[in-house]
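The sequence shown begins at -6 in my numbering and counts up one residue at a time.
No residue lacks a Cβ here, since even glycine has one placed at the ideal position from N, Cα and C.
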Amino acid sequence: MKPDLESKPLFVERMKLLLGDEYENYVEFLSKPELKSIRVNTLKTSPSELKKMLEEKGWEIKQPFKNYPEIMIVEPELLPGELGRSLEHILGYYYAQEIASMLPVIVLNPQPGEKVLDIAAAPGSKTTQIAMMMKNSGLIIANDVKLPRIKILASNLERCGVTNEIITRSSGQRLCEQLKKQGFLFDKILLDAPCSGEGTLRSTPRSIQMWNIQRVYRMSKEQKRLLISALEVLKIGGEIVYSTCTHAPEENEEVIDSILNEFKNIKVEKIILPIKCKSGLTSWKGKNYNKELKNSCRIYPHISDTEGFFIAKLRKTK
-6 MKPDLESKPL FVERMKLLLG DEYENYVEFL SKPELKSIRV NTLKTSPSEL
44 KKMLEEKGWE IKQPFKNYPE IMIVEPELLP GELGRSLEHI LGYYYAQEIA
94 SMLPVIVLNP QPGEKVLDIA AAPGSKTTQI AMMMKNSGLI IANDVKLPRI
144 KILASNLERC GVTNEIITRS SGQRLCEQLK KQGFLFDKIL LDAPCSGEGT
194 LRSTPRSIQM WNIQRVYRMS KEQKRLLISA LEVLKIGGEI VYSTCTHAPE
244 ENEEVIDSIL NEFKNIKVEK IILPIKCKSG LTSWKGKNYN KELKNSCRIY
294 PHISDTEGFF IAKLRKTK
């Protein structure tokens, strides 16, 4: 199914401004089937062991990234919902996760023994990935604000064998305020921010009907507040990864630019991804952004054959 982009002429205008001659290729990619990607849960099994299990079921498995054998693509066609119904999934041997969604945690690079905050954690794909990279040691505070999402988060953490987490239910701002009062600081923070979801049109084409520019502006304000709160509980020398699944500059570069203007002890770190991406924008509609935004990454469906994403890595220098 192809999203009805023509019903949102302002969205089309903005994407043409972002992509130029690449726009038609972008639109064409939105109607292509998504890759079926999974992430091996190395808390319970190894990539080689899971690959053998799945191939014995008749699944064809590809590992597209030499340095990340835990990332797998499943071919050919499976029955609808089969990825989520298999015994291996139920046992927590893998997490069905879109490839672009795996990248923020790869960039964060959490290590065993660290203290990590996942501010908007549900449904748990990135939290389970963090725990896996930490080898279930150290501490993860996994937070979300809505009870139904907390229940899904808890279920996924249990399924994947995560034991180094504390689940909290709070707004991100309120949680950070409470942690700051207690003097609790983190080595690393993931803010996979709530956003307008422009990058998910390939998987959820009907979501274009929810798009409007007021929502983009509203999200941008919320994201800035969340990021400021997160920085207050980040250690000196600590790192925060800010990510969204949207293309809107107001929710991406503009958020980071506002932080750089307000906090002189924050730097945007250069990041290297295993997929093709574009550098972050340094201007949009006549507004100039900090040159450090070049170090952030924009991921587009037609370039990487994934969902659309934005990723920036910030370091607190003092």
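Residues that residue i bridges to, as DSSP identifies them
i, result
"S276", "N281"
"E191", "Answer is none; E191 lacks a bridge partner."
"R199", "Paired residues: none, contrary to the question."
"V67", "K29 and I54"
"A186", "A186 pairs with nothing; no bridge assigned."
"L307", "I233 and V261"
"C290", "S272 and I304"
"F179", "L227"
Residue burial classification, residue i (beta-carbon count within 10 angstroms, cutoff 16)
i, result
"K280", "exposed"
"I304", "buried"
"L48", "Correcting the residue type first, residue 48 is Glu in the shown sequence and not Leu. That one is exposed."
"I252", "buried"
"N315", "Absent from the structure is residue 315, since the part of the chain shown begins at -6 and ends at 311."
"N245", "buried"
"D(-3)", "exposed"
"N258", "exposed"
"K181", "buried"
"L227", "buried"
"S0", "exposed"
"Q122", "buried"
"P171", "Going by the sequence as given, residue 171 is Gln instead of Pro. Exposed, since its Cβ has fewer than 16 Cβ neighbours within 10 Å."
"L307", "buried"
"P105", "exposed"
"G165", "buried"
"R167", "exposed"
"G231", "buried"
"E91", "buried"
"R291", "buried"
"Q175", "exposed"
"I265", "exposed"
"E247", "buried"
"S94", "buried"
"P103", "buried"
"Q216", "buried"
"S213", "buried"
"L183", "buried"
"L80", "exposed"
"E158", "buried"
"T38", "buried"
Cβ-based neighbour list, residue i, same chain, cut-off 7 Å, excluding 5 preceding and 5 following
i, result
"P267", "F58, N60 and Y61"
"A147", "I160"
"A312", "Outside the displayed span of the chain (-6 to 311) sits residue 312, for which this structure offers no information."
"Q185", "One detail in the question is off: residue 185 reads as Asp in this sequence, not Gln. The answer, listed in chain order, is P97, A113, K119 and S236."
"E68", "E53 and K55"
"L71", "K29"
"G152", "Gly is not the amino acid found at residue 152; the sequence shown has Arg there. Hits under 7 Å: G85."
"L11", "H240"
"K(-5)", "L23, S24 and P198"
"Y88", "I31, R32, N34, S118, T121 and C153"
"C238", "C188, G190, G192, T193, E300, G301 and F302"
"I229", "K309 and K311"
8 Å Cβ shell around residue i - same chain, five flanking residues per side excluded
i, result
"T197", "G190"
"H314", "It is not possible to answer for residue 314, since the shown part of the chain is limited to -6 through 311."
"N136", "L110, D111, I112, A113, A114, I160, T161, R162, S163, G165 and L168"
6 Å CB neighbourhood of residue i in its chain, flanking five on each side removed
i, result
"S297", "I268 and K269"
"K9", "Y16"
"E117", "For the sequence presented, residue 117 should be read as Gly rather than Glu. Around G117: L146, N149 and L150."
"V5", "L(-2)"
"K44", "I54"
"V234", "P97, V100, L101, L183 and K306"
"M65", "I31, I54 and Q56"
Check your understanding: What are the uninterrupted segments assigned as alpha helix (DSSP H) that are 4 or more residues long and contained completely in the stretch 13 to 46, given in chain order?
Key -> Assignment of alpha helix (DSSP H) within the stretch 13 to 46, counting only whole runs of 4 or more residues, yields 16 to 23 in chain order.
Practice item. Pair every Cβ in the stretch 109 to 117 with every Cβ in the stretch 41 to 57, then say whether three or more of these pairs are closer than 8 Å. Key: No, the stretch 109 to 117 is not in contact with the stretch 41 to 57.
Check your understanding: At a cut of 8 Å, does the stretch 266 to 284 reach the stretch 193 to 208 through at least three beta carbon pairs?
Key -> Remark: fewer than three beta-carbon pairs, one from each stretch, lie closer than 8 Å, so the stretch 266 to 284 and the stretch 193 to 208 are not flagged as touching.
**Study point:** Cβ pair count under 8 Å reaching 3, the stretch 219 to 239 against the stretch 11 to 18
**Key:** When Cβ pairs closer than 8 Å are counted between the two stretches, the stretch 219 to 239 is seen not to touch the stretch 11 to 18, the count staying below three.
Point to revise | Contact the stretch 113 to 133 vs the stretch 85 to 100: 3+ CB pairs below 8 Å | key: By the Cβ test, the stretch 113 to 133 is in contact with the stretch 85 to 100, since at least three Cβ pairs between them sit closer than 8 Å.
**Study point:** Runs of beta strand (DSSP E) lying entirely within the stretch 204 to 267, each at least 3 residues, in chain order
**Key:** List check, beta strand (DSSP E) in window: 227 to 237 and 259 to 262.
Practice item. Check whether the stretch 64 to 76 touches the stretch 284 to 298, taking contact to mean three or more Cβ pairs, one atom from each stretch, closer than 8 Å. Key: Segments in contact, no.
Review point. Counting only runs that start and end within the stretch 83 to 170, where is the beta strand (DSSP E) found for 3 or more residues in a row?
Key: 87 to 89, 108 to 111, 132 to 137 and 158 to 162, all fully within the stretch 83 to 170.
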